[in-house]
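Enquirer:
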Amino acid sequence: MTYSISLVLAGIVAVYVGLRFLLILTQSKEEPPLLKTAIPFLEPIIGIIRERSLFYPRLRDKYNHDMYTLRLPFARIYVVNATQYIPILQKHWRTISFTPVLAGAGPGPMGMSSEAGEILHRDIMSDSNPVQAWSRAVTTALHPGEGLDRLNGRAVEVMQEMMHTLRPESQKGIPPADKERIIDFWAWTNHAIIQTTTDAVYGPGNPFKKRDFEDAWNYWTPHYLTFALAPFKSFLAAKALRTREFMVERWSEYFRAGWLEHASPFAQIMYNQQKSDGLSFDDLARAQVGHSHGIVATTGPTTWWLLYHIFSDPLVLSDLREELKPLVKVDDNTGESRIDLADIRTKCPILLSTFKEVMRYHSLGTQVRICLEDEVLNGRYLLKKGGIVMIPQLVQHTSVEAWGPDAAEFRYRRFLKGDFLIGDSGQKRKPNLTAFRAFGGGHTMCPGRHFSSTEIMAFAVLMVLQFDISPIEEGLHSPVALSKWPIPTWRNSPMVSSFQIPDHDFKVSVKPRDGTKWVMDFAKEKDGSGSGLEITAEDVKDN
Ligand code: HEM
Numbered sequence: 011m012t013y014s015i016s017l018v019l020a021g022i023v024a025v026y027v028g029l030r031f032l033l034i035l036t037q038s039k040e041e042p043p044l045l046k047t048a049i050p051f052l053e054p055i056i057g058i059i060r061e062r063s064l065f066y067p068r069l070r071d072k073y074n075h076d077m078y079t080l081r082l083p084f085a086r087i088y089v090v091n092a093t094q095y096i097p098i099l100q101k102h103w104r105t106i107s108f109t110p111v112l113a114g115a116g117p118g119p120m121g122m123s124s125e126a127g128e129i130l131h132r133d134i135m136s137d138s139n140p141v142q143a144w145s146r147a148v149t150t151a152l153h154p155g156e157g158l159d160r161l162n163g164r165a166v167e168v169m170q171e172m173m174h175t176l177r178p179e180s181q182k183g184i185p186p187a188d189k190e191r192i193i194d195f196w197a198w199t200n201h202a203i204i205q206t207t208t209d210a211v212y213g214p215g216n217p218f219k220k221r222d223f224e225d226a227w228n229y230w231t232p233h234y235l236t237f238a239l240a241p242f243k244s245f246l247a248a249k250a251l252r253t254r255e256f257m258v259e260r261w262s263e264y265f266r267a268g269w270l271e272h273a274s275p276f277a278q279i280m281y282n283q284q285k286s287d288g289l290s291f292d293d294l295a296r297a298q299v300g301h302s303h304g305i306v307a308t309t310g311p312t313t314w315w316l317l318y319h320i321f322s323d324p325l326v327l328s329d330l331r332e333e334l335k336p337l338v339k340v341d342d343n344t345g346e347s348r349i350d351l352a353d354i355r356t357k358c359p360i361l362l363s364t365f366k367e368v369m370r371y372h373s374l375g376t377q378v379r380i381c382l383e384d385e386v387l388n389g390r391y392l393l394k395k396g397g398i399v400m401i402p403q404l405v406q407h408t409s410v411e412a413w414g415p416d417a418a419e420f421r422y423r424r425f426l427k428g429d430f431l432i433g434d435s436g437q438k439r440k441p442n443l444t445a446f447r448a449f450g451g452g453h454t455m456c457p458g459r460h461f462s463s464t465e466i467m468a469f470a471v472l473m474v475l476q477f478d479i480s481p482i483e484e485g486l487h488s489p490v491a492l493s494k495w496p497i498p499t500w501r502n503s504p505m506v507s508s509f510q511i512p513d514h515d516f517k518v519s520v521k522p523r524d525g526t527k528w529v530m531d532f533a534k535e536k537d538g539s540g541s542g543l544e545i546t547a548e549d550v551k552d553n
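Under our numbering, the sequence shown has 253 at position 243, and the numbering climbs by one with no breaks.
(1) In the structure shown, what three-state DSSP assignment does M280 receive?
(2) Should V211 be counted as a contact of the ligand HEM given a C-beta to heavy atom distance under 7 angstroms?
(3) By DSSP's criteria, K219 is part of a beta bridge. Which residues make up the other side?
(4) Ignore the nearest five residues each way along the sequence and tell me which others in R355's own chain have a CB closer than 7 angstroms to its CB.
(5) Is A202 near W230, with beta carbons less than 8 angstroms apart?
(6) Enumerate in chain order the residues of its own chain whose CB-to-CB distance from A85 is below 7 angstroms, with the five nearest sequence positions on each side excluded.
(7) Indicate whether A143 and V211 have their beta-carbon atoms separated by less than 8 angstroms.
(8) Threshold first: 3 residues or longer. Then list the beta strand (DSSP E) segments lying entirely within the stretch 138-206, N to C.
(9) Should I96 go down as buried or exposed, given a rule of 16 or more other Cβ atoms within 10 Å for buried?
(10) Is V148 near the ligand HEM, going by C-beta to nearest heavy atom under 7 angstroms?
(11) Less than 6 angstroms between C-beta atoms, sequence neighbours within five positions excluded: which residues of the same chain meet that for T253?
(12) Looking only at its own chain, which residues have a Cβ that is under 7 angstroms from the Cβ of H102, when we skip the five neighbours before and after it?
(13) Quick check: what's the CA-CA separation for I134 versus V111?
(14) Nearest-angstrom Cα distance between R459 and L19?
(15) L374 by DSSP, collapsed to three states: which one?
(16) At the level of alpha carbons, what is the spacing between S519 and P441?
(17) So, with DSSP's three-state summary, where would you put Y422?
(18) Determine the burial state of G508: buried for a count of at least 16 other Cβ atoms within 10 Å of its Cβ, exposed for fewer.
(19) Along the alpha helix (DSSP H) that carries P489, what are the first and last residues, could you check?
(20) Taking only heavy atoms of the ligand HEM into account, decide whether any of them is closer than 7 angstroms to the Cβ of G375.
(21) Go to P481, then tell me how far its beta strand (DSSP E) extends in each direction, as first and last residue.
(22) Looking at L251 and the ligand HEM, is the gap between the Cβ and the nearest heavy atom below 7 angstroms?
(23) Leaving out five residues on either side along the sequence, give the residues of the same chain with a beta carbon under 6 angstroms from the beta carbon of V90.
(24) Could you say which of Y318, P359, H319 and Q205 lies nearest to L337 if we only look at CA atoms?
(25) Give me the Cα-Cα distance between D537 and Y264, rounded to the nearest whole angstrom.
(26) Under the assumption that V368 contacts L327 (Cβ atoms under 8 angstroms), give the Cβ distance between them as a whole number of angstroms.
(27) Hey, would you say T454 sits closer than 8 angstroms to F108, going by beta carbons?
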C-alpha cells in the first residue's frame with residue numbers, strides 16, 4: 011500500500027517536473043513574459059473558469075506587465091494590458107487576424123459542412139478570402155446612409171409598438187390615467203429590443219417573432235461556449251445541439267419562404283455575399299445562427315443597463331429630461347408630442363455620454379486574434395505563429411491610466427466634451443479613447459455600432475419621455491414599492507457573454523407620465539447620407 015502511494019506520488023512529481031521543463035523549453039525569451047504558475051498549463055484554465063472575465067484584471071493588478079503569456083495545453087495566449095499596443099496590433103490585422111476566429115466558428119459550433127470550412131479558410135490572409143469579403147460587404151451595408159436609415163426607421167416603428175403594450179388598455183388611445191403595468195424588467199427589455207433589432211434586420215418573416223424561436227435563442231446563448239467545447243455533443247450537449255438544429259431549420263424555412271426579399275438590404279447583402287462564395291443552402295442557414303450572436307446578443311443587456319442607470323438615479327433622469335425638453339414639439343392639431351430621431355443623434359450629449367459610460371462600465375467582451383505568422387510587436391515582443399492574442403475589454407475599461415483614478419466609478423458625464431474631470435486636483439484630462447473597446451477597433455471594428463447606438467438611445471428616449479419606472483416587489487395582496495433600486499449583480503454572466511447579464515431579474519412598475527401620445531419621427535438626413543455617431547476613438551474627429 012505504502013509502496014503504491016509512493017509510486018503514485020513519484021509519478022505525479024515526474025509529470026510535474028516534466029511539464030515544467032516543457033514549459034521552459036518551449037517558451038522563447040523574446041515572447042511576452044510567461045506568468046509563473048504553480049500548476050503548469052492547467053492553472054490558467056482553472057483561473058478562467060473560476061474567475062471568468064475578472065481573471066484578466068486581477069492578473070494585470072498582480073503582475074503589472076504590459077503584456078504577458080499564458081500557456082494552456084497546445085495553446086499560447088498573449089494577453090494585452092497596455093493600451094499603447096492596441097493600435098500597433100490593429101495595424102497587423104492581416105497576420106494577427108480575426109478572420110480565422112470567424113471562419114472557425116462556421117464548421118465548429120455552427121455545424122457547417124467541411125466544404126464550407128474550406129471555403130471560409132481559403133486564402134486566409136488575402137482580400138479574396140470569403141470571410142474578409144463578407145466583412146467588407148456588411149460594413150458597407152451598415153455604413154451611415156440609406157441602408158442604415160432604413161434599419162433605424164423600422165426599429166423606431168417596432169419599439170413604439172412594443173412600448174404601446176406597456177400602456178394600460180384604457181390608455182392605448184390618448185386619455186390619461188395613472189394605471190401602472192408591472193413587468194419583469196430584464197425579461198421585458200431584452201424581449202422588446204430583440205424584437206426591435208431583428209424585425210428591422212430580417213423584416214416581417216423574422217424567425218425571432220415566434221416565441222419558441224426567441225426562447226431557443228435565449229437557451230442557446232448562455233450554453234454556447236460549453237457546447238462549442240464539448241466533445242461528443244449529441245451525448246454531452248444534447249439539448250444545445252437540438253436547439254441549434256431547431257434554429258437552423260427555422261432559418262431554412264425563412265429563406266425557402268422568400269422572406270429575405272422583404273428584409274433589410276443588410277440582411278440581403280449578408281446572405282448573397284455568402285451564397286456567391288459557394289456556401290450551400292444548409293450552410294447559409296447555419297451561418298445565420300452565428301450572425302445572430304453579432305446582431306442580437308449585446309443589444310439587450312446594453313439597453314437594460316442604460317435604462318437601469320437612467321431610472322435608478324434621479325439626477326441622470328432629470329438631466330436627460332431637461333436635455334430632451336427643447337427637442338419635443340407638440341402638434342396642435344393632433345395633440346401628439348413628437349421628437350425627431352435625428353435630434354437624438356446630434357443634440358443629446360448627456361444621453362450619448364451616459365450610453366458610452368454604460369458600455370465602458372458593463373461590457374465584458376474580449377477581442378481574440380490568431381497569429382498567422384511570427385510577428386515582432388513594436389520591435390519588442392515576439393508573437394509566435396499559432397499564438398492567440400487577447401485584448402480583454404475589462405482590462406482596458408478599468409485602466410486608471412486611461413480613465414483616471416475614478417475609473418471604477420460610474421460617471422454618466424464622463425464622455426461629455428470638456429467635462430473630463432479626472433483626479434482630486436480637479437485638473438481636466440481627456441480619457442484615452444483607444445481604451446474604449448466595447449465596439450472593438452481598427453479593421454474589424456463593429457460595423458453595427460451606428461445602428462445599435464441609435465436604436466438603443468432612441469429606445470431609452472421613448473421610455474424616459476413616456477414613463478416613470480420604479481422597482482417593486484410582489485406583496486401579499488398587491489405590489490409593494492421598494493424604497494431603493496436593487497443593485498444588480500452579474501457574476502454569473504456566461505463566460506462567452508460580451509456584456510454583463512444581471513444575475514436576477516426584478517419587477518418594476520411602469521407608469522405613463524401622462525396621457526400624451528408620443529411619436530418619434532424619422533426624417534432622413536437631408537443629404538441622404540446620414541452621419542455616424544462619435545462612439546469609438548476612430549469615430550471621434552478631434553481625437
Ligand atoms: C450594443 C451592441 C453591439 C456591440 C457591443 C457590438 C460589439 C462588437 C465588437 C466588439 C465587435 C468586434 C469583435 C472583434 O473585433 O473581435 C463587433 C463586430 C461585429 N459586429 Fe457588432 N456589436 C453590437 C451590435 C451589432 C449589430 C446590431 C450588428 C448588426 C446589425 C453588428 C454587427 C457586427 C459585425 C458584422 C461584426 C464583425 C465585423 C468583422 O467581421 O469585421 N453588431 N461587434
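Glycine included, each C-beta is placed from N, C-alpha and C at the ideal position.
Expert: Here's the rundown:
(1) Position 270 of the sequence shown, counted from the first residue, corresponds to residue 280. Helix, per DSSP.
(2) Sequence index remark: in the sequence shown, residue 211 carries index 201 (1-based). The ligand HEM approaches V211 closely enough that one of its heavy atoms is under 7 angstroms from the residue's Cβ.
(3) The residue given as residue 219 occupies position 209 in the sequence shown. Partner(s): none; K219 has no beta bridge.
(4) Translated into the one-based positions of the sequence shown, residue 355 becomes position 345. If we look at R355 and ignore the five residues flanking it on each side, its Cβ neighbours are T464 and L543.
(5) Residue numbering aside, residue 202 sits at position 192 when the sequence shown is read from its first letter. Residue numbering aside, residue 230 sits at position 220 when the sequence shown is read from its first letter. No, the Cβ-Cβ distance between A202 and W230 is not below 8 angstroms.
(6) Here the question's residue 85 lines up with position 75 in the sequence shown. Annotation for A85: I398 place their beta carbon closer than 7 angstroms to its own, counting only its chain and skipping 5 residues before and after.
(7) Along the sequence shown, one-based indexing puts residue 143 at 133. Along the sequence shown, one-based indexing puts residue 211 at 201. It is not a contact, given that the beta carbons lie outside the stated cut-off.
(8) You should have 191-194.
(9) The residue labelled residue 96 in the question sits at position 86 within the sequence shown. Note on I96: 16 or more other CB atoms within 10 angstroms of its CB, so buried under the neighbour-count rule.
(10) Start at 1 with the first residue of the sequence shown, and residue 148 comes out as number 138. Result yes, Cβ under 7 angstroms from the ligand HEM.
(11) Here residue 253 is taken as the residue at index 243 of the sequence shown, counted from 1. Same-chain partners within the cutoff: A226, Y229 and W230.
(12) Sequence index remark: in the sequence shown, residue 102 carries index 92 (1-based). Once the five neighbours on either side are set aside, the close Cβ partners of H102 are E385.
(13) Residue 134 sits at position 124 when you count from the first residue of the sequence shown. Residue 111 sits at position 101 when you count from the first residue of the sequence shown. The C-alpha of V111 is placed about 11 angstroms away from the C-alpha of I134.
(14) The residue given as residue 459 occupies position 449 in the sequence shown. The residue given as residue 19 occupies position 9 in the sequence shown. Roughly 55 angstroms between the two C-alpha positions.
(15) As a working note, residue 374 is residue 364 in the sequence shown. Coil.
(16) Here the question's residue 519 lines up with position 509 in the sequence shown. Here the question's residue 441 lines up with position 431 in the sequence shown. About 37 angstroms.
(17) Here residue 422 refers to the residue found at position 412 when the sequence shown is read from its first residue. It is coil, neither helix nor strand.
(18) As a first step, residue 508 is located in the sequence shown; it is residue number 498 there, counting from the start. Note that residue 508 corresponds to Ser in the displayed sequence, not to Gly. S508 comes out buried.
(19) Start at 1 with the first residue of the sequence shown, and residue 489 comes out as number 479. No alpha helix (DSSP H) holds P489; the beta strand (DSSP E) holding it covers P489 to A491.
(20) The count along the sequence shown starts at 1 and reaches residue 375 at position 365. Relative to the non-hydrogen atoms of the ligand HEM, the Cβ of G375 comes within a distance shorter than 7 angstroms of at least one.
(21) Translated into the one-based positions of the sequence shown, residue 481 becomes position 471. Start and end: F477 to E484.
(22) Position 241 of the sequence shown holds residue 251. False, no ligand heavy atom lies under 7 angstroms from that Cβ.
(23) Within the sequence shown, numbered from 1, the residue matching residue 90 stands at position 80. Excluding positions up to five away in sequence, the list reads M77 and I401.
(24) Taking the sequence shown and counting its residues from 1, the one referred to as residue 337 is at position 327. Nearest option by C-alpha distance: P359.
(25) The count along the sequence shown starts at 1 and reaches residue 537 at position 527. The count along the sequence shown starts at 1 and reaches residue 264 at position 254. Residue placement at D537 is flagged as unreliable, the pLDDT there being 44, under the threshold of 50; the coordinate-derived value follows with that caveat. Cα to Cα, the separation comes out at about 35 angstroms.
(26) Within the sequence shown, residue 368 is the residue found at index 358, counting from 1. Within the sequence shown, residue 327 is the residue found at index 317, counting from 1. In this structure V368 is not in contact with L327, their Cβ atoms being roughly 14 angstroms apart against a cut-off of 8 angstroms.
(27) Sequence index remark: in the sequence shown, residue 454 carries index 444 (1-based). Sequence index remark: in the sequence shown, residue 108 carries index 98 (1-based). Contact flag set, yes.
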